[in-house]
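Mapping the sequence shown onto my numbering, position 74 (from 1) lands on 234, and the numbers just tick up by one.
Ideal Cβ placement from N, Cα and C applies to all residues, glycine included.
The next block holds one structure in the form of structure tokens; read it before the comments.
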Amino acid sequence: MTLENKVVVSAAIVVDIEPSEDGSSSRLESIVRRLQAAVDSVHSDDPGVASTGCTAYDWLNDSDTNFGRCADCRRLVSNYDKPNQIRTLIDARIVYGTLLCDECSYLRRETAAES
Ligand SMILES: [Zn+2]
């Protein structure tokens with residue numbers, strides 16, 4: 161693989177769907193088109209930024225999807241050490257029986273070290 165001096169930066173949105181939905185819908189497709197247009201528009205005057213034109217879908221109504229909510233901050237998280245992770249969610253792991261994102265896990269360690 162040829163290395164390039166570039167970084168792929170990803171952001172994500174969460175879209176409410178019908179419980180039975182497991183494929184694309186015109187509403188979802190419209191939301192994705194608007195998201196892609198926003199990404200293209202925001203950086204259109206910077207030649208050093210290029211859209212990948214790629215869109216990833218991670219279905220949270222799929223039982224194999226690896227996600228949860230951080231016990232402290234309640235953000236959606238994914239455990240990167242396990243299969244089927246969602247890389248646009250913050251990494252998390254079980255710490256003494258509690259699912260914590262990396263940031264909250266760090267804050268708990270810092271707070272414990274100060275006491
Ligand atoms: Zn958290």
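Residue i burial status per 10 Å Cβ neighbour count (16 or more: buried)
i	result
Val202	exposed
Val209	exposed
Cys264	buried
Leu249	buried
Ala216	exposed
Cβ-heavy atom distance, residue i to ligand 1, below 7 Å
i	result
Leu236	no
Leu163	no
Pro178	Going by the sequence as given, residue 178 is Glu instead of Pro. No, the beta carbon of Glu178 sits no closer than 7 Å to any heavy atom of ligand 1.
Asp276	The structure shown does not extend to residue 276, since the chain is modelled only from 161 through 275, so no value can be given for it.
Leu249	no
Glu270	no
Leu260	yes
Cys214	no
Glu274	no
Glu263	yes
Beta-carbon proximity list for residue i, same chain, < 6 Å, skipping 5 on both sides
i	result
Lys242	Asn226
C-beta atoms of residue i and residue j nearer than 8 Å
i	j	result
Asp224	Asn244	yes
Ile173	Leu195	yes
Leu260	Asp218	no
Arg229	Leu236	yes
Arg247	Ser170	yes
Residues of its chain near residue i, where Cβ-Cβ distance is below 7 Å and the 5 sequence neighbours each way are ignored
i	result
Glu274	none
Asp200	Ser211
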